Amino acid sequence: MKQRTILIAIILLFSLSCASTSKEGTSEEPGLMNKIIEKANSEEGQKAIQMGKEKLQDPETQEKLKGLLSKEKKKKEIPGVPAQ
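With mature numbering (1 follows the signal peptide of the UniProt record, and there is no 0) applied, the sequence shown covers -19 to -1, 1 to 65.
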C-alpha cells in the first residue's frame, strides 16, 4: 500500500510539474522538479516505478482502467447534465 501511495504521488507530482511553467530551472534553490527527480532516482523510487510498470501490464488492472475511463466517458455524454 505504501509503494502504491508513493507511485501515485510521483505520478501526480510529475504531471503537475509538466503542466506548470518552468521558471525553477534558473533558480539556485532546489525546486519541486529537482525533488521529484531525486525521489525517482532513489532506490525506493526506482522500485515503485518498476512496480507500477509491472502493474500496468497486468490484464486485470488494464480492465479496471478501461472500466473507469468508460464511466467517465458516460458521465460526459449524459444530456442535460454539465460535465465536471
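Here a beta-carbon is modelled for each residue, glycine too, at the ideal position from N, C-alpha and C.
Please read all numbers here as calculations on a predicted model, not as lab measurements.
| Item | Value |
| --- | --- |
| Whose CA, out of Leu13, Lys47 and Ala29, lies closest to the CA of Gln(-17)? | Ala29 |
| With a Cβ-Cβ cutoff of 8 angstroms, do Ile(-12) and Glu25 count as a contact? | no |
| On the three-state DSSP scale, how would you describe Ser23? | coil |
| Excluding the five sequence neighbours on either side, which residues of its own chain have a C-beta within less than 8 angstroms of the C-beta of Ile(-9), listed in chain order? | Gly33 |
| If we call anything under 8 angstroms between Cβ atoms a contact, is Leu37 one with Ile17? | no |
| For a test of the three-state rule: what should DSSP assign to Gly48, helix, strand or coil? | helix |
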